[in-house]
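See below for the structure under consideration.
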Amino acid sequence: MGSERQERLKALGARLRVLRADAGVTGAVLAQRAGVGQPTVSKVENGRMVPSLDVLDRLSRALGVDEVTRDEVRELLAAVEAAADSDGDGSAGATLDEAIRGARLVRSFQCIVLPAMLQSAEYARHVFESAPRVDVEAVGRAVAARVERQSVLYEPGRESVFVLTEAVLRTWPGTPALMLAQLDRLLAVESLSTVRLGVIPWDRPVPLMPRHGFTLCDRRAVVVEAFRGERVSVEPDDLAAYEEQFARFEGAAVFGAEVRELLLRVMKEFRGLADSATR
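Start counting the sequence shown at 0; every next residue gets the next number (numbering that gives the first Met the number 0).
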C-alpha cells in the first residue's frame with residue numbers, strides 16, 4: 000500500500016475513532032449498532048482496512064453524526080480511494096494477489112477478465128495497462144509480482160476453483176497469438192490436481208446475471224473486483240451472498256473433459272483469426 004494512501008487511511012480511522020469516543024461507545028457496541036463485525040471497526044479505526052461506502056455510512060448512522068460530519072468522513076474515504084489510483088508504486092492488483100496468496104481455498108468467478116492466478120505475463124500486462132491513470136514503470140513490476148505469486152497454484156494443501164463464462168475466453172487483448180498462448184496455459188493449469196477449472200458455455204443460460212468478478216479467500220474474505228480497483232470485505236452478509244452466488248455459477252459450469260474440449264475449440268478459432276491476419 001502506498002505511503003500516501005496509508006496516511007489518508009490512518010486519518011480516516013483516527014477521525015472515526017474520535018467520533019466513537021465522542022459518542023461514548025465501545026467498538027463492540029458500535030459494531031453491533033452498525034451491523035458489522037467488531038474486527039471491521041478495529042481494522043478501519045487502525046488504518047488496516049478500507050471500508051466500503053456502505054460500511055462507512057452504517058458507522059456514521061450508528062454514531063448519530065450530523066450530515067456535515069457524514070460528508071466529512073465520506074470525503075476522507077474518497078481521498079483514500081484517490082490515493083489508491085495515483086500511488087503508482089507497483090502495487091497494482093496487490094490487494095487481490097496478496098489475499099489469494101494467504102488462502103488455502105480460493106474460489107474465483109469471472110465474467111470479463113481471466114482470474115489473476117491464471118493470467119499469462121502478456122495478458123496481465125494488458126490488464127494493468129488498462130487501469131485508470133496507470134504508471135507505465137509500475138506495470139512491469141506488477142506483472143512480475145503477479146506471475147511470481149502464481150506459484151501457489153502448485154503448492155500441496157491448497158485448492159483453487161475457477162469458474163468463468165465463455166465470454167472471458169472471447170474477450171481478448173493484444174493478438175490472437177497472445178490468446179493462443181493464454182489458452183494453452185489454461186489447459187496446462189487445468190491438469191493440476193490442486194486446480195478445478197470450469198467454464199459456463201455460451202449456449203447455457205447463467206443462473207443469475209453477473210455484474211462483476213469476485214474471489215473468495217477461504218471462508219473469511221471476498222475480494223470484489225471493479226474497474227477502479229478491488230474491495231475486500233470480511234462482513235458475514237457479504238461472504239454468505241458471494242458463497243451462494245459462486246455455488247450457483249459453479250453448478251452451471253462444465254469441468255474436466257468438457258472444459259478441455261471447449262478450450263481446444265476456442266483455440267482452433269483463434270488459430271483461424273491468426274491465419275486470416277497473415278494472409
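Cβ atoms here follow ideal geometry from the backbone N, Cα and C, with glycine treated the same way.
Item, Value
"Where glutamate 154 falls: helix, strand or coil (DSSP)", "coil"
"Glutamate 121 versus glycine 255: straight-line alpha-carbon distance, rounded", "26 Å"
"Same chain only: Cβ atoms within 8 Å of arginine 100, ignoring 5 sequence neighbours per side", "Arg148, Val151"
"Valine 198 versus alanine 78 - alpha carbon distance", "38 Å"
"Through-space distance from valine 221 to glycine 271, alpha-carbon basis", "38 Å"
"Nearest neighbour of arginine 195, chosen from Glu3, Ile111, Ala252, Ala273 [CA to CA]", "Ala252"
"Terminal residues of the beta strand (DSSP E) in which threonine 214 lies", "213-216"
"Extent of the continuous beta strand (DSSP E) run through valine 35", "No beta strand (DSSP E) holds valine 35; DSSP gives it neither H nor E."
"Residues of its chain near glutamate 189, where Cβ-Cβ distance is below 7 Å and the 5 sequence neighbours each way are ignored", "Leu196, Val258, Arg259"
"Status (buried if at least 16 other CB within 10 Å, exposed otherwise) for alanine 276", "exposed"
"Proximity to phenylalanine 108 [Cα-Cα], best of Leu263, Gly250, Leu261", "Gly250"
"CA-to-CA distance, proline 175 to serine 232, given in whole angstroms", "36 Å"
"For glutamate 224, the three-state DSSP class (helix, strand or coil)", "strand"
"Lysine 267 - DSSP class collapsed to helix/strand/coil", "helix"
"Per-residue burial, methionine 48 [other beta carbons within 10 Å of its own, 16 or more giving buried]", "buried"
"Glutamine 109 - partner residues in DSSP beta bridges", "Leu163"
"Coil, strand or helix - glycine 219 by DSSP", "The sequence given here has arginine at residue 219, not glycine. It is coil, neither helix nor strand."
"Opposing strand residues paired with isoleucine 199 [DSSP bridges]", "Thr164"
"Enclosing alpha helix (DSSP H) for arginine 140 [first to last residue]", "135-148"
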